[in-house]
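Note sheet for the following structure.
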Amino acid sequence: MTQVIDSSEPKVYQGQFGEFTITQSDRTGVIIYRISLIIAALSFAAATWLVLTQIDNPITLNAVTLLYATFSIALGVSLYTIHIYMASLHRTLQIFWGIGVLTSIVLIIQSKQPLALYIYQHPLTILGVGFLFAALTGIYFKEAFCFNRFETKILTPIVPLLLVGHLLNLIPLEIEQVLLAIWAVLFVVFAGRKILQEIPQDIGDKSVFEYLEKQHKVKA
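Numbering (the numbering used here), first residue to last: 1269 to 1488.
In structure tokens, the structure reads:
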């Protein structure tokens, strides 16, 4: 994002491929993105707390399933409203989310156990459900790359490490619990810091989006 060249309203920005303005619709999209991240982070953190502290309570696992559903929906909204220059990458993350959600729904319908317990006892299910968290990792990576945030630099490797480690039974339970707790805490930190960030930063250089769209139309 380059500096403003016109102080009047609406502000005009000079991008890499020309001038652009930020509309109210753009701002609303960013607000929705950030609120969705907050909901996803808090849902994930609450589910994590229940799993780590009250796993022996049968009601807990049902609550975790509901929190997981809330997390999944909120993540989907975030992936819809996030600004990513590469349309193919954006679409890929959305497809990953869809695969993860579809797998989760199938497991909930077919399994007689709560979802979290079933996934834990059947690590191969991560090959399907894991796509949902791959999409989340994509958000972490994008934020780490664009804004150099320390928490997303840690979250980006932690998520695949924990999932692959459990899939291949490489990590002791105690270490898994520590990594899960770190993930939950840093996710909340990340989402909370997004609320304080200036909105135009999440919109980015709209001239790049316009240029890439024109290039796509030319190729088509």
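Just so you know, even glycine gets a beta-carbon here, dropped at the ideal spot from N, CA and C.
As the structure is a computational prediction, the values presented were derived from the model and not from experiment.
Near residue i, which residues of its chain fall below 6 Å by C-beta distance, leaving aside the five closest residues on each side in sequence?
{"i": "D1324", "result": "none"}
{"i": "Q1469", "result": "none"}
{"i": "W1451", "result": "I1426"}
{"i": "A1412", "result": "T1420, K1421, T1424"}
{"i": "F1418", "result": "none"}
Could you spell out where the alpha helix (DSSP H) holding residue i opens and where it closes?
{"i": "E1442", "result": "1441–1464"}
{"i": "Q1381", "result": "Careful: Q1381 lies outside any alpha helix (DSSP H) and carries neither H nor E."}
{"i": "K1421", "result": "1418–1435"}
{"i": "L1438", "result": "Taken as a continuous stretch (DSSP letters only), L1438 belongs to no alpha helix (DSSP H), as it is neither H nor E."}
{"i": "Q1469", "result": "1467–1471"}
{"i": "L1324", "result": "According to the sequence as given, residue 1324 is Asp; it is not Leu. Where D1324 is concerned, there is no enclosing alpha helix (DSSP H), given that its DSSP letter is neither H nor E."}
{"i": "I1394", "result": "1394–1415"}
Short of 7 Å in beta carbon distance, which residues of its chain neighbour residue i, apart from the five on each side in sequence? Order them along the chain.
{"i": "L1305", "result": "S1346, A1459, K1462"}
{"i": "I1471", "result": "I1290, D1294, V1298, H1351"}
{"i": "T1296", "result": "none"}
{"i": "L1361", "result": "L1347, A1403, G1406"}
{"i": "I1300", "result": "V1345, T1349"}
Taking the alpha-carbon positions, what's the residue i to residue j distance?
{"i": "T1321", "j": "R1302", "result": "28 Å"}
{"i": "T1328", "j": "P1428", "result": "25 Å"}
{"i": "F1401", "j": "L1436", "result": "17 Å"}
{"i": "Y1386", "j": "F1339", "result": "18 Å"}
{"i": "I1426", "j": "E1444", "result": "10 Å"}
{"i": "F1319", "j": "V1457", "result": "Checking the sequence, you will find Val at residue 1319 rather than Phe. For V1319 and V1457, the distance between alpha carbons rounds to 20 Å."}
{"i": "T1333", "j": "S1356", "result": "31 Å"}
{"i": "S1276", "j": "V1298", "result": "Confidence at S1276 is low in this model, with a pLDDT of 46, below 50, so its placement is unreliable and the value that follows should be read with caution. Answer to the nearest angstrom: the Cα atoms are 22 Å apart."}
{"i": "D1274", "j": "M1354", "result": "Note that D1274 has pLDDT 42, beneath the 50 cutoff, so the model's placement of it is unreliable and no number is given."}
{"i": "P1440", "j": "Q1292", "result": "49 Å"}
{"i": "R1359", "j": "G1344", "result": "12 Å"}
{"i": "K1380", "j": "A1309", "result": "27 Å"}
{"i": "Q1389", "j": "E1466", "result": "43 Å"}
{"i": "V1364", "j": "G1398", "result": "In the sequence as presented, Val is not what sits at residue 1364; that position holds Phe. Straight-line Cα distance between these residues: approximately 9 Å."}
{"i": "I1373", "j": "S1311", "result": "18 Å"}
{"i": "V1446", "j": "L1454", "result": "12 Å"}
{"i": "T1349", "j": "A1384", "result": "28 Å"}
{"i": "F1415", "j": "L1464", "result": "13 Å"}
{"i": "Y1336", "j": "N1330", "result": "10 Å"}
{"i": "L1448", "j": "L1438", "result": "15 Å"}
{"i": "T1270", "j": "A1342", "result": "At T1270 the pLDDT is 40, less than 50, meaning the model places this residue with poor confidence and gives no usable figure here."}
{"i": "I1376", "j": "E1442", "result": "27 Å"}
{"i": "I1307", "j": "P1326", "result": "24 Å"}
Sorted by chain position, which residues of the same chain lie with C-beta nearer than 8 Å to residue i's C-beta, five sequence neighbours on each side aside?
{"i": "W1317", "result": "A1452"}
{"i": "A1314", "result": "L1335"}
**Prompt:** If we count Cβ pairs, one from each stretch, closer than 8 Å, do we get three or more for the region 1426–1440 versus the region 1382–1394?
**Reply:** yes
**Message:** So, does the region 1401–1415 touch the region 1369–1377, judging by three or more C-beta pairs under 8 Å?
**Reply:** no
**Request:** Note down, one range per segment and in chain order, each beta strand (DSSP E) of at least 3 residues found wholly within the region 1328–1372.
**Result:** At a cut-off of 3 residues, not a single continuous stretch assigned as beta strand (DSSP E) sits fully inside the region 1328–1372.
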